[in-house]
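Asker: Residue numbers (this note's numbering): 766 to 983. Positions of the beta carbon are idealized from the N, C-alpha and C atoms, including for glycine. Quick caveat, the model's predicted, so the values are computed rather than measured.
(1) Inspect the CB distances between the stretch 813–833 and the stretch 788–796 and report whether three or more fall short of 8 Å.
(2) If I measure Cβ to Cβ from residue 991 and keep anything under 8 Å in the same chain, skipping five residues before and after, which residues do I get?
(3) Quick one: Cα of residue 820 to Cα of residue 844, how far?
(4) Using a 10 Å radius around the Cβ and a threshold of 16 neighbouring Cβ atoms, would you call residue 934 buried or exposed?
(5) Taking Cβ positions, are residue 962 and residue 773 nearer each other than 9 Å?
(6) I'd like to know whether the C-beta atoms of residue 928 and residue 816 end up nearer to each other than 9 Å.
(7) Using the three-state DSSP reduction, which class does residue 825 fall into: helix, strand or coil?
(8) For residue 814 and residue 931, which I take to be in contact (beta-carbon distance under 8 Å), what is that distance rounded to the nearest angstrom?
(9) Which whole runs of the alpha helix (DSSP H) in the stretch 842–892 are 4 residues long or more, in chain order?
(10) Roughly how many angstroms lie between the CA atoms of residue 861 and residue 879, to the nearest whole one?
(11) Could you check whether residue 913 and residue 893 sit closer than 9 Å to each other, using their CB atoms as the reference points?
(12) At 3 residues or longer, what runs of the beta strand (DSSP E) sit wholly inside the stretch 915–978?
(13) Indicate, with yes or no, if the ligand GDP has a heavy atom lying under 8 Å from the CB of residue 957.
(14) What does residue 817 pair with, by DSSP beta-bridge criteria?
(15) Could you tell me the distance, in whole angstroms, from the CA atom of residue 960 to the CA atom of residue 871?
(16) Strictly by DSSP, which residues pair up with residue 778?
(17) Report yes if the C-beta distance between residue 838 and residue 919 is below 9 Å; otherwise report no.
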């Protein structure tokens, strides 16, 4: 069995606009974020979706509705699942992102998320965030990856051979998929709001065809 997954990062939110850390914290879409969703819908209007999923957070569900409103399928809402939810940043949720990366990264020689990922890799960077959380709530790499694997298995269990599936999810979630499954793309620099990443999933593998596209969707 093989099927296509069109994975879209949600539209811009107010926390994105204010450069605040946003994992399980949830903020509404900005006007630009609404347009991100509409644009993704236009890009994907030629792909008739057989199924549509999202995380259980409002920003992905809203983006999903905007995408599906332009789609020839009869689907109007995504099926929400925690298995597509973003990484949880614990104490750092809502924190100024530059300040957070400076506090976590400076002792390690990196002042931004991308610098840390380039220097240490995504797995160690994720664990650095978790270890810097004084409340020990932020997720470790293994916790995040367990959820992503559950999301992939959910799709394998529910969809059919040849299906086109929409999944509206989150930036760091997609980074983890790129880092694990694609030597070509990797975790850097990460997907933009409203961009499309295409996967081909079969019983035991995931092939990344492209990522972070805002045009030329195949």
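Answerer: Looking at the atomic coordinates:
(1) Three or more pairs of CB atoms, one per stretch, sit closer than 8 Å, so the stretch 813–833 contacts the stretch 788–796.
(2) Outside the modelled stretch of the chain, which goes from 766 to 983, sits residue 991, for which no answer is possible.
(3) What you label residue 820 is simply residue 55 of the chain shown in a count that begins at 1. What you label residue 844 is simply residue 79 of the chain shown in a count that begins at 1. So the two alpha carbons sit approximately 8 Å from each other.
(4) As a first step, residue 934 is located in the chain shown; it is residue number 169 there, counting from the start. Residue 934 should be labelled buried.
(5) Residue numbering aside, residue 962 sits at position 197 when the chain shown is read from its first letter. Residue numbering aside, residue 773 sits at position 8 when the chain shown is read from its first letter. Yes, these two residues count as a Cβ contact at 9 Å.
(6) Here residue 928 is taken as the residue at index 163 of the chain shown, counted from 1. Here residue 816 is taken as the residue at index 51 of the chain shown, counted from 1. Yes, these two residues count as a Cβ contact at 9 Å.
(7) On the chain shown, position 60 is the one that residue 825 refers to. Secondary structure of residue 825 (DSSP, three-state): helix.
(8) Taking the first residue of the chain shown as position 1, residue 814 is located at position 49. Taking the first residue of the chain shown as position 1, residue 931 is located at position 166. Between residue 814 and residue 931 a beta carbon distance of about 5 Å is seen, short of the 8 Å cut, so the two are scored as contacting.
(9) The qualifying runs are 862–870, 878–885.
(10) The residue labelled residue 861 in the question sits at position 96 within the chain shown. The residue labelled residue 879 in the question sits at position 114 within the chain shown. Roughly 16 Å between the two C-alpha positions.
(11) Counted from its first residue, the chain shown places residue 893 at position 128. Counted from its first residue, the chain shown places residue 913 at position 148. No, they are not a contact pair.
(12) 929–934, 961–967, 971–978
(13) The ligand GDP is absent from the structure shown, which contains no ligand whatsoever.
(14) Against the chain shown, residue 817 aligns to sequence position 52. Note: residue 817 sits in a beta bridge opposite 931.
(15) Along the chain shown, read from residue 1 onward, the residue named residue 960 stands at position 195. Along the chain shown, read from residue 1 onward, the residue named residue 871 stands at position 106. Taking the straight line joining both Cα atoms gives about 30 Å.
(16) On the chain shown, residue 778 is found 13 positions in, with the first residue counted as 1. Note: residue 778 sits in a beta bridge opposite 794.
(17) Position 73 of the chain shown, counted from the first residue, corresponds to residue 838. Position 154 of the chain shown, counted from the first residue, corresponds to residue 919. Contact: no.
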